[in-house]
Amino acid sequence: MATIARDEVLFETLLRLGDDSLILGQRLGEWCGHAPSVEVDLSLANMGLDLIGQATHFLGRAGEAEGRGRDGDALAFHRDVLDFRNCWLVEQPNGDFAQTMARQFLFSTWQEMLFGHLEGSSDDFIASVAAKAVKEVRYHAELSAEWVIRLGDGTEESRRRMTDGLDWHWRFVPELFEMDEVAMAAAERGIGADPRAFREDYDRHIRSVLAEATLEAPKDQRPILGGRRGHHSEHLGHLIAVMQHLPRTYPDATW
Amino acid sequence: MSNDWPLWEVFVRAKGGMSHRHVGSVHAPDAEIALRHARDTYTRRMEGVSLWVVPSASIIASDPGDDAAMFDPAEDKIYRHPTFYDIPDDVKHI
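Chains as they are written, first to last, in the working numbering: chain A, 1 to 255; chain B, 1 to 94.
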């Protein structure tokens, strides 16, 4: 069974990838039945399910890399909040539709570039999941950019809401490009990517979409860091309580 | 909100060589978002390889009141049906 030696760097790398997708997927799922129109409801649910699919791959593999008998479900549903390794951006509350789209735009733009780099990962599994998922994420990035443009360059109210949404999330962007020991080790071994390599591309793309939306980029704020080490906002605990409630109440339930 | 958005008719081409077929409609504020709503609503399960959206208002429909004049005359023109030809087995999609 233990063909893969226990490997802390690989395990942590997979957790970060999987938790980003899992938590944002769960957030998008909260929109089910509440979106502004049935078409938007489907868009949000589709994106959420794409992300949950990615999480299933990454966390399943993380369990194998860890080698302690935990599978993807155990990692998703039986870990406590301090053990989650997602970035702060994805755990932020949905707010209104503009805030949700601002978050999606900032995250998916980054995730598309990240997966583009991970297609060349020296880990075959990460490379193959990234190659498949990058097409999903490209769609998320495009769709959310379209909404940023329409709401920013829309009515007075939609513009105010999109401005507020971007303001809220802006301080969580620097974390996406943070390099700590785990990330450095993963990049050196070629299993992970160094997102600083595409920071300029990211900033340029964000600014060009904001320009099309006739919006100013928010002022830089004190960055919030630490999600990768288990420091999270109060919002994550509530999300996890909802997400884990059923599997924790009825362990091993099936349907 | 969606009540304020115009309606768009959605056509899906199931695979190369087939015609686009009408599958339903979506609300959307403009053509680009209509395409994305159509994609998210009607091609989630690999239903298509190509999409058209058309503003519903652009469709000119026949008047149900004119049905008799429009369609009844075709009823007894059996010679218009190509049923007297043998179709080779290899020909699909007729």
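Quick reminder that beta carbons are idealized off the backbone N, C-alpha and C, glycines included.
Ser21(A): not part of any beta strand (DSSP E); member of the alpha helix (DSSP H) spanning 8 to 29, first to last residue. Minimum Cα-Cα distance from Asp203(A) among the listed residues Met47(A), Arg222(A), Val173(A), Asp164(A) corresponds to Val173(A). In the three-state reduction of the DSSP assignment, Val49(B) falls in the coil class, being assigned neither a helical nor a strand state. Using a Cβ-Cβ cut-off of 8 Å, Glu39(A) is close to Ser2, Val26, His27, Ala28, His37, Asp40, Thr41 of chain B, given in chain order.
Going by DSSP, Gly24(B) is part of the beta strand (DSSP E) stretching over 20 to 27. Residues of chain B with a Cβ closer than 8 Å to the Cβ of Asn46(A) are, in chain order, Asp40, Arg44.
In the three-state reduction of the DSSP assignment, Val137(A) falls in the helix class.
Contiguous alpha helix (DSSP H) elements confined to the region 132 to 178 of chain A occur at 156 to 170, 173 to 176, taking only those with 4 or more residues. Phe11(B) carries a strand assignment under DSSP once its states are collapsed to helix, strand and coil. The residue among Val53(B), Glu75(B), Lys15(B), Pro64(B) with its C-alpha nearest the C-alpha of Trp8(B) is Val53(B). One thing to note: Leu114(A) has its Cβ within 7 Å of the Cβ of Ala193(A).
Each residue's CA atom was taken as its position, placing Asp83(A) and Ser56(B) some 51 Å apart. Excluding five sequence positions before and after Arg39(B), the CB atoms of its chain that fall closer than 8 Å to its own CB belong to Leu51, given in chain order. Neighbours of Glu32(B) in chain A, taken as residues at a C-beta separation under 7 Å, are given in chain order as Glu146. A distance of 7 Å or more separates the beta carbons of Asp153(A) and Ala65(A).
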